[in-house]
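The sequence shown runs contiguously to residue 154 in the working numbering.
Glycine is no exception: its CB is placed at the ideal position from the N, C-alpha and C atoms.
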Amino acid sequence: MTDTTTDTDTTTDTDTDTDTGTAPAAAPALAPAPFLTAWFEILDSDEPSRILDLISDDFSLSILFSTGDGNATDFAGDRAALVGYLQQRERGTRTHHLLSATTLGQDELFLGEVRRGGVPEASFVAAGRVDDNGRLQRLLIGRSSEIRFN
Numbered sequence: 005m006t007d008t009t010t011d012t013d014t015t016t017d018t019d020t021d022t023d024t025g026t027a028p029a030a031a032p033a034l035a036p037a038p039f040l041t042a043w044f045e046i047l048d049s050d051e052p053s054r055i056l057d058l059i060s061d062d063f064s065l066s067i068l069f070s071t072g073d074g075n076a077t078d079f080a081g082d083r084a085a086l087v088g089y090l091q092q093r094e095r096g097t098r099t100h101h102l103l104s105a106t107t108l109g110q111d112e113l114f115l116g117e118v119r120r121g122g123v124p125e126a127s128f129v130a131a132g133r134v135d136d137n138g139r140l141q142r143l144l145i146g147r148s149s150e151i152r153f154n
């Protein structure tokens, strides 16, 4: 079996250079899930519809959006489903915050928290597959107001 994991360790080497007695320059840290990190930043912006430019022609998604008390809506389908999701969501009220993330090959996993006015409202997990052209091909998101990862 071939190992397809990608090393996403963002720690820096702090060993001292024995010639100069100084620490080596740190390499810039990469986001552990760069595509989904950018996706949620755009979603929280004044123009969330810009995410439509980031999806592949064969894009599909499922966003299971729970509001508690056993109530949930599943936004599932292709580009049209994403457009419908964007049209119904409140703008400028919620923000997405990274708790942890990783990348394995073309797949990104993102655990986050949704906040309303800075107050935690829900937790969510997102899994996305980025195609060879750098566009999002698959997106699966589950959101619940009933659990926190703090």
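Ala37 versus Thr71 - alpha carbon distance: Within the model, the alpha-carbon separation for Ala37 versus Thr71 is close to 26 Å.
Residue nearest to Glu150 in terms of C-alpha spacing, selected from Glu125, Leu143, Leu140: Taking only the C-alpha atoms, the option nearest Glu150 is Glu125.
Trp43 versus Leu102 - alpha carbon distance: Approximately 12 Å, taken between the alpha carbons.
Own chain, CB closer than 6 Å to Phe79, minus 5 neighbours either side, in chain order: If we look at Phe79 and ignore the five residues flanking it on each side, its Cβ neighbours are Ile67, Ala85, Tyr89.
For Leu143, the first and last residue of its enclosing beta strand (DSSP E): Following the DSSP letters along the chain, one finds Leu143 inside the beta strand (DSSP E) bounded by residues 140-148.
For Ser60 and Asn137, believed in contact at Cβ under 8 Å, the rounded distance: For Asn137 against Ser60, the beta-carbon gap comes to about 7 Å, under 8 Å, which counts as contact.
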